[in-house]
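Asker: Sequence lines, in order, name chains A and B. One point on numbering: in my numbering, the residue at position 77 of the first sequence is 77, and numbering is uninterrupted. One point on numbering: in my numbering, the residue at position 156 of the second sequence is 156, and numbering is uninterrupted. Quick reminder that beta carbons are idealized off the backbone N, C-alpha and C, glycines included. Computed from a prediction, not measured in an experiment: that's the story for all the values here. Pasting in a structure now, in structure tokens, and then I'll have a few things to ask.
There are 2 protein chains.
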Amino acid sequence: MTNKYSIGVDLGGTNLRVAAYVGGDGFLETISLPTRLSAGRDQVVRDMCEAVTALMRRDYGDRKLAGVTVGSPGPLELPLGILRNPPNLPGWDGFNLKEAITSTLGREIILENDANLAALAEQQLGAGNSHRISDLCVITLGTGVGNGLILGGKIWDGTNGMAGEAGHMVVRDTEDLLCACGGSGCLEQYASATGVMRMAHERLGEAAPSSAHDLALLARSGNEQARGIFDTVGEALAIALTALVNTLNLPLYLLGGGVCEAWDLFSPEMFQQLRRRSYVYRLTRPLVLDPVRLEAQKTYILKAQLGSAAGLLGACALGLKYQLSSANPVEEKFGD
Amino acid sequence: MTNKYSIGVDLGGTNLRVAAYVGGDGFLETISLPTRLSAGRDQVVRDMCEAVTALMRRDYGDRKLAGVTVGSPGPLELPLGILRNPPNLPGWDGFNLKEAITSTLGREIILENDANLAALAEQQLGAGNSHRISDLCVITLGTGVGNGLILGGKIWDGTNGMAGEAGHMVVRDTEDLLCACGGSGCLEQYASATGVMRMAHERLGEAAPSSAHDLALLARSGNEQARGIFDTVGEALAIALTALVNTLNLPLYLLGGGVCEAWDLFSPEMFQQLRRRSYVYRLTRPLVLDPVRLEAQKTYILKAQLGSAAGLLGACALGLKYQLSSANPVEEKFGD
Numbered sequence: 001m002t003n004k005y006s007i008g009v010d011l012g013g014t015n016l017r018v019a020a021y022v023g024g025d026g027f028l029e030t031i032s033l034p035t036r037l038s039a040g041r042d043q044v045v046r047d048m049c050e051a052v053t054a055l056m057r058r059d060y061g062d063r064k065l066a067g068v069t070v071g072s073p074g075p076l077e078l079p080l081g082i083l084r085n086p087p088n089l090p091g092w093d094g095f096n097l098k099e100a101i102t103s104t105l106g107r108e109i110i111l112e113n114d115a116n117l118a119a120l121a122e123q124q125l126g127a128g129n130s131h132r133i134s135d136l137c138v139i140t141l142g143t144g145v146g147n148g149l150i151l152g153g154k155i156w157d158g159t160n161g162m163a164g165e166a167g168h169m170v171v172r173d174t175e176d177l178l179c180a181c182g183g184s185g186c187l188e189q190y191a192s193a194t195g196v197m198r199m200a201h202e203r204l205g206e207a208a209p210s211s212a213h214d215l216a217l218l219a220r221s222g223n224e225q226a227r228g229i230f231d232t233v234g235e236a237l238a239i240a241l242t243a244l245v246n247t248l249n250l251p252l253y254l255l256g257g258g259v260c261e262a263w264d265l266f267s268p269e270m271f272q273q274l275r276r277r278s279y280v281y282r283l284t285r286p287l288v289l290d291p292v293r294l295e296a297q298k299t300y301i302l303k304a305q306l307g308s309a310a311g312l313l314g315a316c317a318l319g320l321k322y323q324l325s326s327a328n329p330v331e332e333k334f335g336d
Numbered sequence: 001m002t003n004k005y006s007i008g009v010d011l012g013g014t015n016l017r018v019a020a021y022v023g024g025d026g027f028l029e030t031i032s033l034p035t036r037l038s039a040g041r042d043q044v045v046r047d048m049c050e051a052v053t054a055l056m057r058r059d060y061g062d063r064k065l066a067g068v069t070v071g072s073p074g075p076l077e078l079p080l081g082i083l084r085n086p087p088n089l090p091g092w093d094g095f096n097l098k099e100a101i102t103s104t105l106g107r108e109i110i111l112e113n114d115a116n117l118a119a120l121a122e123q124q125l126g127a128g129n130s131h132r133i134s135d136l137c138v139i140t141l142g143t144g145v146g147n148g149l150i151l152g153g154k155i156w157d158g159t160n161g162m163a164g165e166a167g168h169m170v171v172r173d174t175e176d177l178l179c180a181c182g183g184s185g186c187l188e189q190y191a192s193a194t195g196v197m198r199m200a201h202e203r204l205g206e207a208a209p210s211s212a213h214d215l216a217l218l219a220r221s222g223n224e225q226a227r228g229i230f231d232t233v234g235e236a237l238a239i240a241l242t243a244l245v246n247t248l249n250l251p252l253y254l255l256g257g258g259v260c261e262a263w264d265l266f267s268p269e270m271f272q273q274l275r276r277r278s279y280v281y282r283l284t285r286p287l288v289l290d291p292v293r294l295e296a297q298k299t300y301i302l303k304a305q306l307g308s309a310a311g312l313l314g315a316c317a318l319g320l321k322y323q324l325s326s327a328n329p330v331e332e333k334f335g336d
């Protein structure tokens, strides 16, 4: 282990988290702030850079700063670093976030999509690491549906940073239910916490509980309509996973985010539909699930391991790969 | 250019084609045979190996055989080389094709999915080559819907050779129309020649023409029902492409196969639906299409260039990358 540390930033629509990191699955130090969207994007960038600078001035012994990585909600055009109509950062469309941070901070940074960083963390520090898997796909079922793809141990950004938008795959051929993305029938409308609550209001009316957590409790108590909503979640995920499994044939797909609290409710329908719909899954699914050691050449669909810190951990992990003297990520294996 | 040549095989359900190759987009010599499925799989393997041996015995001056690559219909489990319920090779389920060819021929071969080889050919010798693109996805609209994915200039096989089955992505949430794969609402049912003809019989009854080619003529003559079928083709492709564009963000997607004769009929609906459904496509689509030089960081959806010889060309091209002394493909760039 060399004497270096990194700084990671997780820019969320509600909270801004900054951490110093030397490796492993914990942080050296973290700073959490509210994301003051109402004060304007320049102020948010200044708040972020002040927190980063505060950590840069700490005395971490002889450790030298390797790199600073910022995770941002997408869509993010890379390598330029320009936001394109980000739903969680209203008013930031067309904002060159990378340039704003670089000029305020006075040093180069890496900017990445937060879902991609969460996927990198799962690969390097979570399920991918425990099972020595370098290719995986993470789908995060939160307020929206996030997605990150790691191929050969590296983030797959696509040709301009827009890969990993599986939340807007079409899983229903309806034209009725318009998604904020402009499409209709998107996965996000059926498998996000927002989608789950919309279905609860549609199907339960005034009897709908006030959160996805309470809806899960209602379903577990035997309420058929509540159970049916989680069947819909499972079916939507199965249709999206059929596309991913059949085209990419990866060894590991991880589901994370708050909706995964209801894994017991949606996963039976998800696996049943997946077995029926995806013959690649049928041919490659593990017959026995040993959670300690995964069989090679099988398709595993598991819960993500890292929880809500995954994005920040991924930012830190990517920052640590930076060479001290260079703004370019080096090809060395993370962690050495 | 070194003094070597390769032998490629395209094993189809109807025809067996074998070619000797030294580079470029043509062949040194080809042998075509019927695939004698009724004589049994061992006989087909013997026929294939006899044709390969015949080409190995030819006098190609001082050229040495670099490698032999066989393209087979899938699903094909790799690296083992075992067929898994291949719809175009009935009765071959569980057959270790690689072992059978290797032992009959007495030398190592590369075995690959034919759609993946066609995609490799498009990348190395077709549209990918003319536009210097190393990441692309090819979807072939033939009797079925084939698919191959090239990432970083290499075939993406997935964890056990089953990647590239986009024909069985779900594009309709119907349960009614069962696909041979066991699923329902698969792309193949709406965008293959078989699917087009099924829709023609459903919608036109006895007035249905006898081929997809004649249906296209009928549509071009103004028949509304015939036009509507190609709109359905376009919509199904748009839903599948939305998933691929949103998750992979590749610079190039190519559509090939016989149904592409009707490009003028299905592509307007395909592009319109894609603009609406995929915001990644909206953000990255080229505003001006200059077929000679593609803009970087845009998403292009074009017709494939190579036609029905693509699979055989890809087999030859991959074979040429083989080292003379080794059964392992080397990492050198094709063509040198």
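Quick one, are the C-beta atoms of Leu244/A and Ala317/A less than 8 Å apart?
Answerer: no
Asker: Can the beta-carbon of Pro73/B be found less than 8 Å from the beta-carbon of Leu97/B?
Answerer: no
Asker: Thinking C-alpha only, which one of Cys49/A, Gly148/A, Glu175/A is nearest Glu122/A?
Answerer: Gly148/A
Asker: Give me whichever residues DSSP pairs with Pro75/A in a beta bridge.
Answerer: For Pro75/A, which the question treats as bridged, DSSP gives no partner whatsoever.
Asker: Whole angstroms are fine: how far does the CA of Tyr281/A sit from the CA of Pro87/A?
Answerer: 33 Å
Asker: How would you call Ser267/A, buried or exposed, if buried means at least 16 neighbouring beta carbons within 10 angstroms?
Answerer: Classified as buried, Ser267/A has 16 or more neighbouring CB atoms from the shown chains inside 10 Å of its CB.
Asker: Pick out whichever of Thr140/A, Ser221/A, Arg17/A, Glu50/A has its Cα sitting closest to the Cα of Lys303/A.
Answerer: Thr140/A
Asker: Ignore the nearest five residues each way along the sequence and tell me which others in Leu287/B's own chain have a CB closer than 8 Å to its CB.
Answerer: none
Asker: Using 8 Å as the Cβ pair cut-off and three pairs as the minimum, do the segment 108 to 124 of chain B and the segment 305 to 321 of chain B touch?
Answerer: yes
Asker: Go through the segment 46 to 125 of chain A residue by residue and report every complete run of the alpha helix (DSSP H) that reaches 4 residues or more, in order.
Answerer: 97 to 105, 114 to 125
Asker: Which residues, in chain order, does the segment 183 to 196 of chain B contribute to contact with chain A at a C-beta distance below 7 Å?
Answerer: Gly183
Asker: Could you check how far apart the C-beta atoms of Ala219/A and Phe230/A are, in whole angstroms? I think they sit under 8 Å.
Answerer: 6 Å
Asker: Within its chain, find whatever has a CB closer than 8 Å to the CB of Asn249/A; leave out the 5 residues flanking it on each side and keep chain order.
Answerer: Val280, Thr284, Thr299
Asker: Cβ of Glu235/B within 8 Å of Cβ of Glu261/B?
Answerer: Taking 8 Å as the Cβ cut-off, Glu235/B and Glu261/B do not qualify as a contacting pair.
Asker: How should Val292/A be labelled, buried or exposed, when 16 other C-beta atoms within 10 angstroms of its C-beta is the threshold for buried?
Answerer: exposed
Asker: Span of the alpha helix (DSSP H) holding Thr410/A?
Answerer: Residue 410/A is absent from the structure shown; chain A starts at 1 and stops at 336.
Asker: Does DSSP put Cys316/A in a helix, in a strand, or in coil?
Answerer: helix
Asker: What's the call for Lys4/A, buried or exposed, on a 16-neighbour Cβ count within 10 Å?
Answerer: buried
Asker: Rounded to the nearest angstrom, what separates Gly307/A and Ile101/B at their Cα positions?
Answerer: 49 Å
Asker: Against chain B, with Cβ distances strictly below 8 Å, would Ser278/A count as a contact?
Answerer: yes
Asker: Within 8 Å of any Cβ in chain A, is that where the Cβ of Asp173/B sits?
Answerer: Flagged as an interface residue toward chain A: Asp173/B, by a C-beta distance shorter than 8 Å.
Asker: Looking at the unbroken alpha helix (DSSP H) that takes in Ala296/A, where does it start and where does it end?
Answerer: Looking at the DSSP string, Ala296/A is not in any alpha helix (DSSP H), and its letter there is neither H nor E.
Asker: Is there at least one Cβ from chain A nearer than 8 Å to Met162/B's Cβ?
Answerer: yes
Asker: Can you tell me which of the three DSSP states Arg17/A falls into?
Answerer: Looking at Arg17/A - three-state DSSP - the assignment turns out to be strand.
Asker: Buried or exposed: Leu11/B, going by 16 or more other Cβ atoms within 10 Å of its Cβ?
Answerer: buried
Asker: For Ile239/A, return the contacting residues in chain B, with the cut-off set at a CB-CB distance below 8 Å.
Answerer: Val170, Asp173
Asker: Under 8 Å: do the segment 16 to 27 of chain B and the segment 45 to 64 of chain B share three or more Cβ pairs, one atom per stretch?
Answerer: yes
Asker: Against chain B, does Pro329/A count as a neighbour if the rule is that its beta carbon must be under 8 Å from one of theirs?
Answerer: For Pro329/A, the pLDDT reaches just 40, beneath the cut-off of 50, and the residue's location in the model is therefore unreliable, leaving the point undetermined.
Asker: In chain A, what lies closer than 9 Å to Pro75/B by C-beta?
Answerer: Tyr279, Val280, Leu283
Asker: Can you check which of these residues, Ala51/B, Thr35/B, Arg46/B, is closest to Ile7/B by C-alpha distance?
Answerer: Ala51/B
Asker: Would you say Thr247/A lies against chain B (beta-carbon separation less than 8 Å)?
Answerer: yes
Asker: Taking one C-beta from the segment 77 to 85 of chain A and one from the segment 145 to 163 of chain A each time, how about it: are there three or more such pairs within less than 8 Å?
Answerer: yes
Asker: Look up Thr284/B in the DSSP assignment and say whether it is helix, strand or coil.
Answerer: helix
Asker: Given this structure, state the Cα-to-Cα distance separating Asp290/B from Ser130/B, to the nearest angstrom.
Answerer: 13 Å
Asker: Determine which residues of the segment 59 to 88 of chain A have a Cβ less than 8 Å from any Cβ of chain B, and write them out in chain order.
Answerer: Pro75, Glu77, Arg84, Asn85
Asker: Would Ile155/A pass as a contact of Glu108/A if the rule is Cβ separation under 8 Å?
Answerer: no
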